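I have placed the structure first, in the form of structure tokens, so that the comments after it can refer back to it.
Numbering (my numbering), first residue to last: 51 to 577.
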């Protein structure tokens, strides 16, 4: 009886070979070929049902209560006789695979004993990056890939056809092909690019193929393996759901500069590795006493769905990418608040122990900024927890005199709170001043807020140029707020943001029309 690896074993093996060859991102087309079949899914479902002491039907009911529908493969990869990477549904062009990534794929191909054809004709050239590969120590080149391909071909008992016609091989790689043809008596068809190969060598390869064709009919059936190699039979299965969720959490955190700017890639990987999923219902139950202070064990990051917290009567909305559970008792103790589930979803729960570096950076920001910003008007219209979140998402930045902070058309999702000096929003250009004698400017002094247009305006960008003042002896600085705090405060005090942007904005949906509205924005001056 032929022993064939399962989809889960091949998946775990391919991921491990990617790590071995230092492939940054596994090939998507290969992962498509390694989607679970019904047997592979049933195996882990039974194990998970036993672990949670529930029936298989109950587990399937739980798995079915989700918006995600996993893709499946009708035919396991180990039962296929032809290996070819599928092209994109939108683009029928070649599949890009680098030399390093191809080595991991060839390791996978070696574990498919039923293969009769290996078709790599839709793969981009492995020789494209050879010039840069030679400059990096240990980087594989195209010849190394062809040599490994020939080694794999010798170990496939049923292989008859090999197609690598898109690879511009040379004499060295052609000699490896010849050796493989002479060793694999079943290999009767090999397609390759002959432009850089000597005619005599091409003729020798053709003669070797002719000999194989003549002897093919007398060959005995291929000898297929009856047992799996130990490295496959003993390999630990990987939880596909966990890997997928870890990747999604990494993307979610990398969207927020308050994570990427506070920790290294290794520390971010540690955070992602130890995170686990919870439903919004479980999070509400865990935080029933602490509210936004969390459960004292986890930092909660919303993946989807939404929660509503009530630190005051109006409450505030938490949605995708927002987080809570961090406390800063050395600076401020905000009261517990009730949390309710408004839209059911999923939350990433990250142990606080794995966030020590991250929380240390946020703690330092709160220590420096809270006492300085808490008396500012923008802080008076939000609750205590939101003030702390503003501090964790802020960094003080200094500017040179006349340095431009925002240009017309900039779409930076950030808010600037002036800490020292003053900034000016130019509602015109110097050419306008020369032509009309009028040059409108809006001045932002300490505690004022600017950069709001990109958040509340319909066009989502700045309509004016904002720069630091011109006085050489003045220190110009502002706290730049980015990330989750922007979403939270824009949802909570959007009307306040609109009123702050209207006096200087040139956007039609924000600009004041009535003169009494212009008088309220009394900062305008005619220079």
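Quick reminder that beta carbons are idealized off the backbone N, C-alpha and C, glycines included.
Values in this document were obtained by computation on a predicted structure and should not be read as measured data.
Asked, Found
"Rounded straight-line distance, which links the Cα of residue 86 to that of residue 127", "10 Å"
"CA nearest to the CA of residue 346, picked from 318, 377, 358 and 215", "377"
"Spatial distance of residue 407 from residue 534 (CA atoms)", "19 Å"
"Beta-bridge pairing of residue 393 - partner residues as DSSP gives them", "356"
"Residue environment, residue 248, which counts as buried when at least 16 other CB atoms sit within 10 Å", "exposed"
"Residues near residue 63 by beta carbon distance below 8 Å, same chain, minus five either side", "55, 157, 158, 161, 281, 282 and 285"
"Separation of residue 295 from residue 116, as counted between CA atoms", "Its pLDDT being 45, under 50, residue 116 is placed unreliably in this model, and the coordinates cannot settle the point."
"Cβ pair residue 84, residue 60 closer than 9 Å", "yes"
"Cα-Cα separation, residue 419 to residue 435", "14 Å"
"Under 9 Å between C-beta atoms of residue 537 and residue 369", "yes"
"Runs of beta strand (DSSP E) lying entirely within the segment 190-234, each at least 3 residues, in chain order", "211-214"
"Residue 231 to residue 131 span [Cα, whole Å]", "19 Å"
"Where residue 406 sits in the DSSP three-state scheme", "helix"
"Burial state of residue 576, where buried means 16 or more other Cβ atoms lie within 10 Å", "Because the pLDDT at residue 576 is just 28, under 50, the model does not fix this residue reliably, and the value given afterwards should be weighed accordingly. Answer is exposed; the Cβ neighbour count stays below 16."
"Residues that residue 468 bridges to, as DSSP identifies them", "528"
"Residue from 417, 304 and 364 whose Cα sits closest to the Cα of residue 372", "304"
"Inter-residue Cα distance where the pair is residue 99 and residue 440", "43 Å"
"Distance between residue 237 and residue 578 (C-alpha atoms, nearest Å)", "In the structure as shown, the chain starts at 51 and stops at 577, and residue 578 therefore has no counterpart that could be examined."
"Separation of residue 52 from residue 276, as counted between CA atoms", "5 Å"
"Beta-carbon contacts of residue 76 that lie in its chain and below 6 Å, excluding the five residues immediately before and after", "68"
"Residue 99, DSSP secondary structure in three states", "helix"
"Neighbourhood of residue 486 by C-beta distance below 7 Å, restricted to the same chain and skipping five residues each side", "Reliability fails at residue 486, whose pLDDT of 42 lies under 50, so the model's placement of it is uncertain and no value is given."
"Residue nearest to residue 399 in terms of C-alpha spacing, selected from 416, 430 and 336", "336"
"Contacting residues, own chain, Cβ-Cβ under 8 Å from residue 520 (five flanking each side not counted)", "451 and 452"
"Rounded separation between residue 635 and residue 134 - CA only", "No answer is possible for residue 635: it lies beyond the span of the chain, which begins at 51 and ends at 577."
"Cβ distance (whole Å) where residue 496 is taken to contact residue 476 below 8 Å", "Their Cβ separation, rounded to whole angstroms, is 20 Å, which puts residue 496 and residue 476 out of contact at 8 Å."
"Proximal residues to residue 39 (C-beta, below 7 Å), its chain only, five neighbours per side dropped", "This structure leaves residue 39 out entirely; the chain is present only between 51 and 577."
"Limits of the beta strand (DSSP E) - the one that residue 264 falls within", "From DSSP, residue 264 is part of no beta strand (DSSP E) but of the alpha helix (DSSP H) over 249-266."
"Own chain partners of residue 205 with C-beta closer than 8 Å, once the 5 adjacent residues on each side are dropped", "160"
"C-alpha distance - residue 103 paired with residue 396, whole-angstrom precision", "23 Å"
"Spatial distance of residue 404 from residue 293 (CA atoms)", "18 Å"
"Whole-angstrom distance between residue 344 and residue 353, CA atom to CA atom", "16 Å"
"For residue 175, the nearest candidate out of 202, 166 and 144 (CA to CA)", "144"
"Status (buried if at least 16 other CB within 10 Å, exposed otherwise) for residue 503", "buried"
"Residue burial classification, residue 443 (beta-carbon count within 10 angstroms, cutoff 16)", "buried"
"Residue environment, residue 330, which counts as buried when at least 16 other CB atoms sit within 10 Å", "buried"
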